[in-house]
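For the sequence shown, position 108 (counting from the first letter as 1) is numbered 108 according to our numbering, and the numbering increases by one without interruption.
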Amino acid sequence: SSVQSGSQPRRTTTEDRNFGTRCFHFGLLLLACVCGWAAGFSAGVDAATPTVECQTLSPTSPYSAPSAVRACFTAIAFDKTKAQSTIDTLKSLMEFYSFLEANKASGAPYNVQHDTIAELDALMSNDYQSDYQFHRDLYQTFSQLGHGHTGYSL
């Protein structure tokens with residue numbers, strides 16, 4: 001019996017495995033960054049005295065009105081020092097992202113034109129009223145890459 005050309009599965013090369021490992025490690029580093037920021041943030045918040053907006057959230061139920069959750073999120077003040085630390089950490093992690101330069105002008109068929117480092121720097125010039133606005137912009141910055149290993153969650 002003959003095997004038609006192209007019917008055999010593609011073999012994984014060492015380069016493929018190395019690329020996959022780099023992407024996986026970048027994802028873990030990004031997760032560590034966010035978790036580290038969250039730990040630093042929560043350490044600076046006095047849980048005994050939540051903001052008025054957060055007091056309406058139920059401590060015994062996992063459900064709250066979306067408007068109440070949004071009000072609580074937007075009541076958390078923007079801290080420029082913590083934001084700069086977050087930006088600095090994300091920029092250092094982006095050094096491990098294999099497509100950083102390619103994403104500046106990828107061309108067809110992807111047509112990604114996204115300078116992640118410049119966008120991260122530009123975020124610090126915004127006049128944020130809440131921490132939520134800052135993190136929403138970080139989410140949008142990484143979403144523009146359209147790459148599953150560069151997600152940023154609120």
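Cβ atoms here follow ideal geometry from the backbone N, Cα and C, with glycine treated the same way.
Could you check the C-alpha separation between residue i and residue j for me, to the nearest Å?
i	j	result
D88	Y128	18 Å
P66	Q140	20 Å
C72	D79	16 Å
C35	A102	Below a pLDDT of 50, predicted positions are generally treated as unreliable, and C35, at 45, falls in that range; the measurement from the model is reported next regardless. Near 28 Å, if we compare the C-alpha coordinates of A102 and C35.
Q144	S64	30 Å
S125	K91	16 Å
H135	S98	24 Å
E95	S58	41 Å
L93	V112	20 Å
L120	T60	38 Å
R164	Y110	In the structure displayed, the chain extends from 1 to 154; residue 164 sits before or after that span and is not available.
H114	A108	14 Å
H25	S85	Low confidence applies to H25: its pLDDT is 42, below 50, so where it sits in the model is not reliable, and the reading given next is rough at best. Going from the Cα of H25 to the Cα of S85 covers about 21 Å.
T56	A83	27 Å
A118	P62	38 Å
Give the single residue among the options whose Cα lies nearest to the Cα of residue i.
i	options	result
V52	R136, A68, A102	A68
G146	P62, T74, D131, L100	L100
A105	T116, E95, R70	T116
Q133	A77, G107, H149	A77
Below 8 Å on the Cβ atoms is my contact criterion, and I expect residue i with residue j to pass it. Report the Cβ-Cβ distance as a whole number of Å.
i	j	result
T81	S130	That belief does not hold up - the Cβ atoms of T81 and S130 are roughly 16 Å apart, past 8 Å.
D137	L154	That pair is no contact at about 11 Å.
G151	F142	6 Å
I want to check one thing, is the minimum distance from the CB of residue i to the heavy atoms of the ligand ADP below 6 Å?
i	result
Y132	This structure lacks the ligand ADP; in fact it carries no ligand of any kind.
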